[in-house]
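Participant:
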Amino acid sequence: MKNSFDEKILEEAHDWVVANQKVVLATVIQTWGSSPRQVGSRMIVNEKGDFSGSVSGGCVESAVVRECIGLIKENKPYKKIEFKVSNESAWEVGLACGGEIAVYLEQVN
Amino acid sequence: MKLQTLKSIIEKKKNKSEFAIITNLTTGESEIFEKDKPLSKEMETYTNQINKLFKSKKNGIIENTEIFVETYVLPIKVIVVGAVHIAQYLVDFARSLNFEISIIDPRGYFASEQRFPDMKIINKWPDEAFKEIETNENTALIALTHDPKIDDPALQHALKKNFYYIGALGSKKTHENRCQRLKEAGFDNDQIDSIHGPIGIKLGGRSAPEIALSIIAQLVSETYKK
Numbered sequence: 518m519k520n521s522f523d524e525k526i527l528e529e530a531h532d533w534v535v536a537n538q539k540v541v542l543a544t545v546i547q548t549w550g551s552s553p554r555q556v557g558s559r560m561i562v563n564e565k566g567d568f569s570g571s572v573s574g575g576c577v578e579s580a581v582v583r584e585c586i587g588l589i590k591e592n593k594p595y596k597k598i599e600f601k602v603s604n605e606s607a608w609e610v611g612l613a614c615g616g617e618i619a620v621y622l623e624q625v626n
Numbered sequence: 007m008k009l010q011t012l013k014s015i016i017e018k019k020k021n022k023s024e025f026a027i028i029t030n031l032t033t034g035e036s037e038i039f040e041k042d043k044p045l046s047k048e049m050e051t052y053t054n055q056i057n058k059l060f061k062s063k064k065n066g067i068i069e070n071t072e073i074f075v076e077t078y079v080l081p082i083k084v085i086v087v088g089a090v091h092i093a094q095y096l097v098d099f100a101r102s103l104n105f106e107i108s109i110i111d112p113r114g115y116f117a118s119e120q121r122f123p124d125m126k127i128i129n130k131w132p133d134e135a136f137k138e139i140e141t142n143e144n145t146a147l148i149a150l151t152h153d154p155k156i157d158d159p160a161l162q163h164a165l166k167k168n169f170y171y172i173g174a175l176g177s178k179k180t181h182e183n184r185c186q187r188l189k190e191a192g193f194d195n196d197q198i199d200s201i202h203g204p205i206g207i208k209l210g211g212r213s214a215p216e217i218a219l220s221i222i223a224q225l226v227s228e229t230y231k232k
């Protein structure tokens, strides 16, 4: 059975908007292999880089924050980004667990 | 996502309705899907696939498209019998896990608003209280009074309605006596064995928050088993 083990992220996003912050929703839309968080997991990021929620177990959050700030700066409405298996020597960011995830970024406007 | 869409999502969650958010990943446009309500022209084509994901309560991209569906389901109803100390901690855990708790206790001094602010407390005997709550096989019961007068009628209701989780607080001895009473009331062994008693997973702790944690852990685990 599925319960809506809900993290109330959208409610928090609304609070941020009300507080005059620019908010980007980042949602896990696809996973391949073993990924730390399931499809539908979400984090929110504001223009200062404050964030809440998660799309992985801490593996790619920093990159998602950077991308979200970029989205706000360039005033783009949405963007899809993918993260693949990490290679410790070559990449700063990646999924150590060996999975892949696609994250959809969208501005609340 | 439009602010208006975000607002209506939050409103729908508050009103406890089941719905889905449909997002076209190539345009960034999103809309809300509800059972038996028409979709926009653009999304109409995908009605069958959206319904399928909605029914199976799944999130995901519709195959060979760029349409993302995120379903919101109702929180699971958990009936707690006994507005006791442990229940106060259960309420806190349940809030962060999004279980919808109702507390039943006929004893007014336990079921006070001061002890349980912002909680739905039914200050009646279980038989009367269950007339006010719709229950089914997706409901859970946590019986905490270990007073047969209060717990037993609730347990009997839960067994008859086939609740997916039934737990009862009390020692092994208390539970043995309880099982005996249920047997005499006509319940079979399979039904009686389905009751988690003594309630909770083995954590070792004896304090009220620790017992609440062990109960809620068992409840989450049983939810995923179903």
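Protein chains in written order, with the working numbering: chain A, 518 to 626; chain B, 7 to 232.
Each residue gets a CB set at the ideal place from its N, CA and C atoms; glycine is no exception.
1. Find the residues of chain B that neighbour Pro594 (chain A), judging by a C-beta separation of less than 7 Å, and give them in chain order.
2. Go ahead and pull the three-state DSSP assignment for Thr29 (chain B).
3. Reducing DSSP to helix, strand and coil, say where Lys155 (chain B) ends up.
4. Report yes or no: do the region 569-588 of chain A and the region 26-33 of chain B share at least 3 C-beta pairs separated by less than 8 Å?
5. DSSP state of Ser606 (chain A), grouped into three classes?
6. Can you pull out the residues from the region 63-79 of chain B whose beta carbon lies closer than 7 Å to at least one beta carbon of chain A?
7. Which residue or residues does DSSP assign as beta-bridge partners of Ile38 (chain B)?
8. Would you say Ile561 (chain A) faces chain B, with C-beta separation under 8 Å as the test?
9. Which residue wins for smallest C-alpha separation from Leu106 (chain B), given the options B:Glu190, B:Thr77, B:Leu147 and B:His91?
10. Please classify Ser213 (chain B): is it buried, with 16 or more other beta-carbons within 10 angstroms of its beta-carbon, or exposed?
11. Quick check on Trp131 (chain B): does DSSP put it in helix, strand or coil?
12. Could you give the residue range of the alpha helix (DSSP H) that holds Arg559 (chain A)?
13. Quick one, which residues of the region 523-541 of chain A are near chain B if we go by CB-CB under 7 Å, in chain order?
14. What are the start and end residues of each continuous beta strand (DSSP E) run of 3 or more residues lying completely inside the region 59-143 of chain B, in chain order?
15. When burial is assigned at 16 or more other CB atoms within 10 Å of the CB, is Gly574 (chain A) buried or exposed?
16. Thinking C-alpha only, which one of A:Gln624, A:Val620, A:Asn626 and A:Val625 is nearest Val494 (chain A)?
17. Considering just the uninterrupted stretch of the beta strand (DSSP E) at Tyr171 (chain B), what are its terminal residues?
18. Below 8 Å on the Cβ atoms is my guess for Ile109 (chain B) versus Ile139 (chain B); work out the distance and round it to an integer in Å.
19. So for Val545 (chain A), helix, strand or coil by DSSP?
20. Between the region 166-192 of chain B and chain A, which residues of the former have a C-beta closer than 9 Å to a C-beta of the latter?
Facilitator: Looking at the coordinates:
1. Along the first sequence, read from residue 1 onward, the residue named residue 594 (chain A) stands at position 77. Residues of chain B passing the Cβ test: Gly34.
2. Here residue 29 (chain B) corresponds to residue number 23 of the second sequence, with the count starting at 1. Correct three-state label for Thr29 (chain B): strand.
3. Here residue 155 (chain B) refers to the residue found at position 149 of the second sequence. It is helical.
4. no
5. The residue labelled residue 606 (chain A) in the question sits at position 89 within the first sequence. Confidence at Ser606 (chain A) is low in this model, with a pLDDT of 42, below 50, so the placement of that residue should be treated as unreliable; the coordinate-derived value is given next. Coil.
6. Lys63, Asn65, Gly66, Ile67, Phe74, Glu76, Tyr78 and Val79
7. For this step, residue 38 (chain B) is matched to residue 32 along the second sequence. Beta-bridge pairing links Ile38 (chain B) to B:Ile27.
8. Taking the first residue of the first sequence as position 1, residue 561 (chain A) is located at position 44. Not one chain B Cβ lies under 8 Å of Ile561 (chain A).
9. The sequence position of residue 106 (chain B) within the second sequence is 100, counting from 1. In the sequence as displayed, the identity of residue 106 (chain B) is Glu instead of Leu. Out of B:Glu190, B:Thr77, B:Leu147 and B:His91, B:Leu147 has the C-alpha closest to the C-alpha of Glu106 (chain B).
10. As a working mapping, residue 213 (chain B) is identified with position 207 in the second sequence. Exposed, because fewer than 16 other Cβ atoms sit within 10 Å of the Cβ of Ser213 (chain B).
11. If you number the second sequence from 1, residue 131 (chain B) lands on position 125. Three-state result, Trp131 (chain B): coil.
12. In the first sequence, the residue the question calls residue 559 (chain A) occupies position 42. No alpha helix (DSSP H) holds Arg559 (chain A); the beta strand (DSSP E) holding it covers Arg559 to Asn563.
13. Asp523, Leu527, Glu528, Ala530, His531 and Val534
14. 73-78, 83-87, 106-110 and 126-128
15. Taking the first residue of the first sequence as position 1, residue 574 (chain A) is located at position 57. Answer is exposed; the Cβ neighbour count stays below 16.
16. Lying before the first or after the last residue shown, residue 494 (chain A) is absent from chain A, which here runs from 518 to 626.
17. The count along the second sequence starts at 1 and reaches residue 171 (chain B) at position 165. Counting along the chain, the beta strand (DSSP E) containing Tyr171 (chain B) begins and ends at Tyr171 to Ala174.
18. Looking up residue 109 (chain B) in the second sequence gives position 103. Looking up residue 139 (chain B) in the second sequence gives position 133. So it is not a contact: roughly 11 Å between Cβ atoms.
19. Residue 545 (chain A) sits at position 28 when you count from the first residue of the first sequence. Here Val545 (chain A) sits in strand by DSSP.
20. Tyr170
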